[in-house]
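I have placed the structure first, in the form of structure tokens, so that the comments after it can refer back to it.
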Ligand SMILES: [Zn+2]
């Protein structure tokens, strides 16, 4: 059985492969050449060799697991739906669903305008014909409805609307893409991790790129190698996207 000091030596040796230094860090007394020869003797013992092999195996597994985690995270950043973080929407206009395509109010707006109208007309001369409150397009305006194709005011294009969802309820993918918000005097800016950089790093991790030098034209030429995981009709598009993101200028 290896002693506690020997086990410590194995752990230290796995850090920097320096036998003499590991020997001293493990708490053995020897220094200099004496430490190195003692470490050499220890490293020749089958039990110690087995412990180092096991340690290396575990280290390799951990590195592979961590690489997988990082690769998954990069792929998630590159492919998550940005609409989960911020949306630009086209919503119905005030006239889309109004009666006769006239301006439509919400129930509360109608109440408010009507009260205001009463205040404005309370001193009306009794002799004059009674004024009538203009209901316009009626009530029922709902800003989240789709634009009406037949609307003569917006022509079915609706009005632009920017919406930032509650980031506490994001999906795991969107949460990975999300990098916080910045509150400015002009509003809030949603930050995201760089998708193109993530895509390039992911491609590099898979060994998709190699750079070759074109001696005729001094500049570097990028070559993207796309694996079989991508459908054939997508390959060219993905390759171009990756190379562009890596800074190459590619003609379509
Ligand atoms: Zn409209």
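Numbering (the working numbering), first residue to last: 439 to 690. Every residue, glycine too, gets a C-beta built ideally from N, C-alpha and C.
Find the nearest neighbour of residue 509 within the set 473, 600, 635, judged by alpha-carbon distance. Taking the first residue of the chain shown as 1, we reach residue 509 at position 71. Nearest option by C-alpha distance: 635.
Three-pair Cβ contact test at 8 Å for the stretch 612 to 628 versus the stretch 515 to 530: yes
I believe residue 598 touches residue 592 by the beta-carbon criterion, under 8 Å. Please report the beta-carbon distance rounded to the nearest angstrom. As a working note, residue 598 is residue 160 in the chain shown. As a working note, residue 592 is residue 154 in the chain shown. Not quite, the Cβ-Cβ distance comes to about 10 Å (not below 8 Å), so this is no contact.
Hey, quick one: how far does the alpha helix (DSSP H) through residue 633 stretch, first residue to last? On the chain shown, residue 633 is found 195 positions in, with the first residue counted as 1. That run of the alpha helix (DSSP H) goes 633 to 643.
Those residues which DSSP pairs with residue 625 across a bridge: For this step, residue 625 is matched to residue 187 along the chain shown. In the DSSP output, where bridge partners are listed per residue, residue 625 has 622.
Report yes if the C-beta of residue 541 is less than 6 Å from at least one heavy atom of ligand 1; otherwise report no. Reading the chain shown from its first residue, position 103 is the one you call residue 541. Answer for residue 541: no, Cβ out of range of ligand 1.
Okay, do the stretch 495 to 511 and the stretch 569 to 588 touch, 3+ Cβ pairs below 8 Å being the bar? no
Around the C-beta of residue 652, are 16 or more other C-beta atoms found within 10 angstroms, so that it is buried, or is it exposed? On the chain shown, residue 652 is found 214 positions in, with the first residue counted as 1. With a pLDDT of 43 at residue 652, under the threshold of 50, the modelled position of this residue cannot be trusted, and the question is left open.
So does the stretch 600 to 611 actually touch the stretch 542 to 558, counting three or more Cβ pairs closer than 8 Å? no
Assuming residue 525 is part of the alpha helix (DSSP H), what are its boundary residues? The count along the chain shown starts at 1 and reaches residue 525 at position 87. Segment 525 to 529 is the beta strand (DSSP E) holding residue 525; no alpha helix (DSSP H) there.
Reducing DSSP to helix, strand and coil, say where residue 646 ends up. Position 208 of the chain shown, counted from the start, is the residue given in the question as residue 646. Here residue 646 sits in coil by DSSP.
Any heavy atom of ligand 1 closer than 6 Å to the beta-carbon of residue 584? Position 146 of the chain shown holds residue 584. False, no ligand heavy atom lies under 6 Å from that Cβ.
Do residue 591 and ligand 1 come close, with the Cβ less than 6 Å from some heavy atom? For the purposes of this step, residue 591 is identified with residue 153 of the chain shown, where counting begins at 1. Yes; taking the cut-off as 6 Å, the Cβ of residue 591 has a heavy atom of ligand 1 nearer than that.
Residue 583 and residue 531 - do their beta-carbons sit closer together than 7 Å? Taking the first residue of the chain shown as position 1, residue 531 is located at position 93. Taking the first residue of the chain shown as position 1, residue 583 is located at position 145. Contact: no.
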